[in-house]
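Working notes, structure below.
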Amino acid sequence: MGAWRPLLAGLALLLVTGCELRETVTHPATKGTLSPFEAPEWPEYLERLALGRERDYVILAYVPPANPIDLSTPERSRATLSNLVFDQLGALQAGTTIGHLIVGWQCGGRRGMTSMTGELSGQGKSMVLGGWGVTPILSTFLDGEIVSLADFPEHQNRALVEGRGVVVASEVDRADCLAAREEVVRFETHPNEPHRKYSLILRPDRYEGGGCLSFAAHIAGEAGVMPRLLELARRDVPLRAAQLGVQTEAPAGVEVYTPPGGLTGPAPLARLLTEPWGDGPVVDEVTVFDGEAMMAALVFAGVGVQAPNDPRYSRILDREDPVIGAAARYGLRWGYSYPVRRLADPDGVRAVILEKG
């Protein structure tokens, strides 16, 4: 194990801080207002869209991981974990390991953007190295934050500016746009404090908590933008005892995921990399939000606008998979539901703009 430890330490850091590689969030003391999330100027990738101020839009921007997160079968899930180990440089360059979804808006000339992050103190890293297996990936971290404009990472802005992400701007009615803005405040001030509960399995639409993928999709859905995306991008993942580990004490501020039958013992990460994940009885089935499905929906919203050989098509997982296929078809229908469809910043962001006329 000693020879593996430096490699696994790096993996652990990437694995559990997948939405954003950051250590702190500087959130102004303005809870309950939109001021942290709005400013006269957007980040460069949004400014390049040159959206007319007289129209209202809701934007979804996805920064994909360096390698697909394929959860379609137990062995593909294990292969995904191996890719994270052996392509740490790619993950660092991408600025995310599980993908990061951002929501932006332009409502009556007001421009804003936000996303959700959490696990800011390395709690998950210590758990992975301590023999918890994939348990921390399914756990809830109680240091979640809604990210302000001032905290938007430059490496994610560069990824989007350089066309390494997917950006779709959908024109909406003013009332729908304002509903999305208001939902950001409602989510942050809800008595359940869902913004503090960073999780890959909790549902933001129920104010349970959320992650970067589910939160952004939820806010966009409040404006009527791809409202079924949150539902279609949910994937049921069976779990077996070999994948899950436990130790005597979890770090503070972590609600540890526990299957119905409980956790029985440690699960070293080296074992996860080398032993089959499909062996043994299923001890639980969890539903996670699948970033690859979200990417499929956003990419296929641009069919007929993007070049047929756009490299993002080849990045999509097999559409024979029911989750990926359903999301791709939904994105295709969403794009074609708009009479005006065009490409903005074709040599850079390559954003799809959908307009009503």
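21 is the number of the first residue of the sequence shown in this note's numbering; add one for each residue after it. A virtual CB, placed ideally from N, CA and C, is assigned to each residue, including glycine.
C-beta contact flag for residue i and residue j at 8 Å
i, j, result
"Gln267", "Gly183", "no"
"Leu374", "Ala317", "no"
"Pro94", "Gly298", "yes"
"Trp125", "Ala200", "yes"
"Gly229", "Thr284", "no"
"Leu233", "Gly311", "yes"
"Val245", "Leu363", "no"
"Gly144", "Pro156", "yes"
"Ala179", "Val323", "no"
"Val319", "Gly368", "no"
"Leu292", "Gly153", "yes"
"Pro63", "Phe172", "yes"
For residue i, the three-state DSSP class (helix, strand or coil)
i, result
"Trp354", "helix"
"Gly144", "helix"
"Ile166", "strand"
"Gly282", "coil"
"Arg68", "coil"
"Glu139", "coil"
"Gln176", "helix"
"Arg339", "coil"
"Gly185", "coil"
"Leu91", "coil"
"Glu43", "With a pLDDT of only 47 at Glu43, under the threshold of 50, the placement of this residue in the model should not be trusted; the figure read from the coordinates follows. The answer is coil: DSSP assigns Glu43 none of H, G, I, E or B."
"Glu251", "helix"
"Glu269", "coil"
Distance, residue j Cα to residue i Cα
i, j, result
"Leu378", "Glu58", "Nothing about residue 378 can be read from this structure; the chain reaches only from 21 to 377."
"Pro359", "Glu67", "23 Å"
"Tyr65", "Ala243", "22 Å"
"Ala170", "Ala195", "27 Å"
"Arg370", "Tyr77", "17 Å"
"Thr278", "Glu61", "44 Å"
"Ser92", "Glu74", "43 Å"
"Asn329", "Leu54", "40 Å"
"Gly128", "Tyr227", "27 Å"
"Met315", "Pro224", "19 Å"
"Pro342", "Gln326", "24 Å"
"Asp193", "Ala236", "19 Å"
"Leu149", "Pro296", "20 Å"
"Tyr333", "Pro56", "35 Å"
"Glu305", "Gly72", "46 Å"
Opposing strand residues paired with residue i [DSSP bridges]
i, result
"Glu213", "None; Glu213 has no bridge partner."
"Ser190", "Val78, Leu374"
"Val302", "Arg260"
"Glu58", "Gly132"
"Gln126", "Tyr77, Arg131"
"Tyr218", "Phe161, Gly230"
"Arg291", "According to DSSP, which records beta bridges pairwise, Arg291 is partnered with nothing at all."
"Gly153", "Leu264"
"Thr307", "Asp256"
Residue i Cβ short of 7 Å to the ligand NAP heavy atom set
i, result
"Ala236", "Among the ligands in the structure shown, none appear at all, so the ligand NAP cannot be discussed."
Taking one C-beta from the stretch 243-258 and one from the stretch 271-285 each time, how about it: are there three or more such pairs within less than 8 Å? no
For the 8 Å Cβ check, are there 3 or more pairs between the stretch 257-264 and the stretch 133-145? no
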